[in-house]
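Below: one structure, written as structure tokens.
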Amino acid sequence: MNLEGRRWISCREAAAYLSVHEMTVRDWISRGLVPSCRIGRAIRVDLRKLEAQLEHQSQLREGPR
12 MNLEGRRWIS CREAAAYLSV HEMTVRDWIS RGLVPSCRIG RAIRVDLRKL EAQLEHQSQL
72 REGPR
């Protein structure tokens, strides 16, 4: 899967990126945990915001140094 240079990815691609099931990603989207938008009937995940969110969560778990 080559996501380089892309901003919007499908739920399936996001699931593969995060190593979780696609339904897990859809559940997280419905709970507001994954940044996304609907384009027509398709749901797309904002990869840049997702990576920023993961980085933020990673820093919170590490705590202050």
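Each residue of the sequence shown is one higher than the one before, starting from 12 at the first, in my numbering. Idealized CB from N, CA, C, for every residue including glycine.
Proximity below 9 Å, CB of residue i to CB of residue j
i	j	result
TRP19	VAL56	yes
GLU15	ALA26	no
ILE40	ILE54	yes
CYS22	ARG42	no
LEU58	TYR28	yes
Range covered by the alpha helix (DSSP H) that runs through residue i
i	result
SER30	SER30 -> no alpha helix (DSSP H), and no H or E assigned at all.
LEU42	Reading the sequence as shown, one finds Arg at residue 42 and not Leu. Looking at the DSSP string, ARG42 is not in any alpha helix (DSSP H), and its letter there is neither H nor E.
ARG55	Per DSSP, ARG55 belongs to no alpha helix (DSSP H); it is in the beta strand (DSSP E), 53 to 57.
Segment limits, beta strand (DSSP E) that includes residue i
i	result
ARG18	Unbroken run through ARG18: none, as it is neither H nor E.
Per DSSP, cross-strand counterpart(s) of residue i
i	result
ARG49	ILE54
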